[in-house]
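Visitor: Numbering (the UniProt record's numbering), first residue to last: 1 to 490. Quick reminder that beta carbons are idealized off the backbone N, C-alpha and C, glycines included.
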């Protein structure tokens, strides 16, 4: 059963809200010490009384140990559980809620869910429905919802820090402030249109509106100019491992991930396609690609296509690791050991040169290679990551190489990663709407001296663009996609 409810004036929208009472297992399925069953909706008080076989509800927001029964047969004890009664609107969804913390054996969980499912007016929640209700009742905004989703999917420390700050409302506060300022500026312009001839209206109303819009425009531009730091941090920077055939690229990848992710063979051209794995380097996500080695002459069409993809991947990557066999570096020099197509990569920022197979050198040769590496690193410039001499067999130089990777990534995103005062853009969707906002504010600046009605419309469009980020303006398609990624009990 569904009904239309009008939400608060600040949201200024109407949404379909289910009046059903829902329930679901909120913890992962399978055997565990404790399992949590959530209930939300108008019938929650009645359901709780029947499940506890009591006339009175437990004290609100206090854990209560109680006997759970089957409402169809109160003599049948299902479990002894910890119960929480959470009356709305001070609850996660904003509705009356309850949580049943039961023993996590499959039979116990099944019996409790079965007893709830047999009650009239209750149904199993859909994926993300608890959080959807929280959004519809104004408990959360869309950026906070995306933060919750990112917390659930965070795999590294920096991703967790970013997601927790977004879940805590860092982005919501920024975007809501900008939108409120644009709404205020629009009100000033419209006041000038409607009441410009009246003496009670301040003479500098439009000037103040222009100043507000200019301030927001400047802040939006600074927010957009972040080199995609937030998006890369959330999804992972791309590191391409490139170099000649048999330089040790696949061995290096396998050593990094500590498993045989790529085939290692003495036969040149073994790696034909791009092999990708994700690593956690100093809390930063890193998507590492092992690419085909470039030979100057090959008649193998498959290998040729692999090489083409390798060059494209290395140019498009955020970071590069150019691998050269120590023996080749000793005999020919680092640059001359590479095909011309790869030499250009040595001068790109965020590039680390790795001289591999150090264990194959005699001590005197190794000393000479280390001298070569220092000289080459000095010529790479401040944007390069230098040179590391390593052995995947003995792990010689390994700590230095990983340290260089971590140092370079920290340099890219700041020494503290997600700094306390920073909240980078995390979604392409946000970037798109902010660009629209910026374009509308530029249009406002062009027309405000000639046409105040059109200027007010540009401010409305700019505010609406930001509203689409937070969910204040129609975003049903975004919600459907977002909630489909949530688990049933969230």
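#1: Does the beta-carbon distance from residue 45 to residue 109 come in below 9 Å?
#2: Is residue 254 buried or exposed, if buried means 16 or more other CB atoms sit within 10 Å of its CB?
#3: Have a look at 150, 345, 339, 337 and flag the residue whose alpha-carbon is nearest the alpha-carbon of residue 316.
#4: For residue 83, write down the residues that DSSP places opposite it in a beta bridge.
#5: Report the residue from 19, 336, 437, 85 whose alpha carbon sits nearest the alpha carbon of residue 62.
#6: Just verifying my parser: in three-state terms, what is the DSSP assignment at residue 252?
#7: Kindly indicate which residue of 445, 455, 150 has the alpha-carbon position closest to the one of residue 214.
#8: Could you tell me which whole alpha helix (DSSP H) segments of length 4 or greater appear in the stretch 174-224?
#9: Quickly, what does DSSP pair residue 386 with across the bridge? List them, please.
#10: So that I know if they touch, is there some Cβ in chain C lying closer than 9 Å to that of residue 68?
#11: On a Cα-Cα basis, can you pick out the residue from 71, 112, 56 that is closest to residue 37?
#12: Could you check which residue in 240, 284, 283, 427 has the C-alpha nearest to that of residue 276?
#13: On the CB-based measure, 16 or more other CB atoms within 10 Å of its CB, does residue 492 come out buried or exposed?
#14: Residues in the same chain with beta-carbon distance under 7 Å from residue 329, minus the five sequence neighbours each way, listed in chain order, please.
#15: Tell me whether residue 273 sits in a helix, a strand or coil according to DSSP, three-state version.
#16: State yes or no: is the C-beta of residue 231 within less than 9 Å of the C-beta of residue 427?
#17: Quickly, what does DSSP pair residue 73 with across the bridge? List them, please.
#18: Could you spell out the range, first to last residue, of the beta strand (DSSP E) harbouring residue 290?
#19: Go through its chain and collect everything with a Cβ distance to residue 259's Cβ below 6 Å, but skip five positions before and after it.
#20: Can you give the beta carbon distance from residue 121 to residue 20, rounded, assuming they're within the 8 Å contact cut?
#21: Leaving out five residues on either side along the sequence, give the residues of the same chain with a beta carbon under 7 Å from the beta carbon of residue 459.
#22: May I ask you to list the residues that DSSP assigns as paired with residue 23?
#23: The beta strand (DSSP E) spanning residue 448 covers which residue range?
#24: For residue 106, does the count of other Cβ atoms within 10 angstroms reach 16, so buried, or fall short, so exposed?
#25: Is DSSP giving residue 167 helix, strand or coil here?
#26: Roughly how many angstroms lie between the CA atoms of residue 357 and residue 403, to the nearest whole one?
#27: Under a Cβ-count criterion, where at least 16 other Cβ atoms within 10 Å of its own Cβ denotes burial, should residue 453 be classed as buried or exposed?
#28: Is residue 380 close to the ligand SAM? I mean its beta-carbon at under 8 Å from any heavy atom of the ligand.
#29: Look up residue 321 in the DSSP assignment and say whether it is helix, strand or coil.
#30: Which first and last residues belong to the alpha helix (DSSP H) in which residue 112 is found?
#31: Return the Cβ separation of residue 325 and residue 236 in integer angstroms, given the expectation that the two are a contact with Cβ distance under 8 Å.
#32: Along the chain, where does the alpha helix (DSSP H) containing residue 49 start, and where does it finish?
#33: Verify whether the separation of the beta carbon atoms of residue 434 and residue 220 is less than 9 Å.
#34: Taking a contact to mean a Cβ-Cβ separation below 9 Å, would you say residue 242 touches residue 321 in this structure?
#35: Would you list the one or two residues that DSSP bridges to residue 280?
#36: Residue 39 and residue 22 - do their beta-carbons sit closer together than 9 Å?
Guide: So, to answer that:
#1: One-based indexing of the chain shown puts residue 45 at position 45. One-based indexing of the chain shown puts residue 109 at position 109. Not a contact, by the Cβ cut-off of 9 Å.
#2: On the chain shown, residue 254 is found 254 positions in, with the first residue counted as 1. Classification of residue 254: buried, given that the 10 Å Cβ count is 16 or more.
#3: Against the chain shown, residue 316 aligns to sequence position 316. Checked all of 150, 345, 339, 337; the closest Cα to residue 316 is 345.
#4: The residue you call residue 83 lines up with position 83 of the chain shown. For residue 83, which the question treats as bridged, DSSP gives the partners 64, 100.
#5: Start at 1 with the first residue of the chain shown, and residue 62 comes out as number 62. Among 19, 336, 437, 85, the Cα nearest to that of residue 62 belongs to 85.
#6: One-based indexing of the chain shown puts residue 252 at position 252. Note: residue 252 maps to helix in three-state DSSP.
#7: As a position in the chain shown, residue 214 is number 214, starting the count at 1. Ranking the options by Cα distance to residue 214, first place goes to 445.
#8: 205-224
#9: Position 386 of the chain shown, counted from the start, is the residue given in the question as residue 386. 352, per the DSSP bridge assignment.
#10: No chain C appears in this structure, which consists of one protein chain only.
#11: Translated into positions along the chain shown, residue 37 becomes position 37. Here the closest residue by C-alpha is 112.
#12: The sequence position of residue 276 within the chain shown is 276, counting from 1. Selected option, being the one with the closest Cα: 240.
#13: This structure cannot speak to residue 492, because the chain is shown only from 1 to 490.
#14: Numbered from 1 along the chain shown, position 329 holds the residue referred to as residue 329. Within the same chain, residue 329 has close Cβ partners 337, 355, 369, 372.
#15: The residue given as residue 273 occupies position 273 in the chain shown. Unreliable placement is indicated for residue 273, whose pLDDT of 46 sits below 50; the coordinate value is still reported in the next sentence. In this structure, residue 273 counts as coil in the three-state DSSP scheme.
#16: By one-based count along the chain shown, residue 231 stands at place 231. By one-based count along the chain shown, residue 427 stands at place 427. Closer than 9 Å, so yes.
#17: Taking the chain shown and counting its residues from 1, one reaches residue 73 at position 73. Partner(s): 70.
#18: For the purposes of this step, residue 290 is taken as residue 290 along the chain shown, with counting starting at 1. Counting along the chain, the beta strand (DSSP E) containing residue 290 begins and ends at 284-290.
#19: As a working mapping, residue 259 is identified with position 259 in the chain shown. Any reading at residue 259 must be qualified, since the residue scores a pLDDT of 48, below 50, and its modelled position is unreliable; no value is offered.
#20: Start at 1 with the first residue of the chain shown, and residue 121 comes out as number 121. Start at 1 with the first residue of the chain shown, and residue 20 comes out as number 20. Rounded, the Cβ-Cβ distance is 7 Å, consistent with contact.
#21: Taking the first residue of the chain shown as 1, we reach residue 459 at position 459. Cβ within range, chain order: 182, 185, 186, 189, 213, 444.
#22: Taking the first residue of the chain shown as position 1, residue 23 is located at position 23. For residue 23, which the question treats as bridged, DSSP gives the partners 39, 124.
#23: Indexing the chain shown from 1 puts residue 448 at position 448. No beta strand (DSSP E) holds residue 448; DSSP gives it neither H nor E.
#24: On the chain shown, position 106 is the one that residue 106 refers to. Exposed.
#25: If you number the chain shown from 1, residue 167 lands on position 167. Helix.
#26: For the purposes of this step, residue 357 is taken as residue 357 along the chain shown, with counting starting at 1. For the purposes of this step, residue 403 is taken as residue 403 along the chain shown, with counting starting at 1. Note on geometry: alpha-carbon atoms of residue 357 and residue 403 lie some 19 Å from one another.
#27: Position 453 of the chain shown, counted from the first residue, corresponds to residue 453. It is exposed - the Cβ of residue 453 has fewer than 16 other Cβ atoms within 10 Å.
#28: With respect to the ligand SAM, the structure shown offers nothing to examine, as it has no ligands at all.
#29: The residue given as residue 321 occupies position 321 in the chain shown. Three-state result, residue 321: strand.
#30: Within the chain shown, numbered from 1, the residue matching residue 112 stands at position 112. Here the alpha helix (DSSP H) through residue 112 covers 106-117.
#31: Translated into the one-based positions of the chain shown, residue 325 becomes position 325. Translated into the one-based positions of the chain shown, residue 236 becomes position 236. About 28 Å; that fails the 8 Å criterion.
#32: Position 49 of the chain shown holds residue 49. Its alpha helix (DSSP H) spans residues 44-52.
#33: Here residue 434 refers to the residue found at position 434 when the chain shown is read from its first residue. Here residue 220 refers to the residue found at position 220 when the chain shown is read from its first residue. Yes, the pair counts as a contact, with Cβ atoms nearer than the cut-off.
#34: Residue 242 sits at position 242 when you count from the first residue of the chain shown. Residue 321 sits at position 321 when you count from the first residue of the chain shown. Against a cut-off of 9 Å, the Cβ pair of residue 321 and residue 242 comes out as a contact.
#35: In the chain shown, the residue the question calls residue 280 occupies position 280. Bridge partners of residue 280: 285.
#36: By one-based count along the chain shown, residue 22 stands at place 22. By one-based count along the chain shown, residue 39 stands at place 39. The Cβ atoms of residue 22 and residue 39 lie closer than 9 Å to each other.
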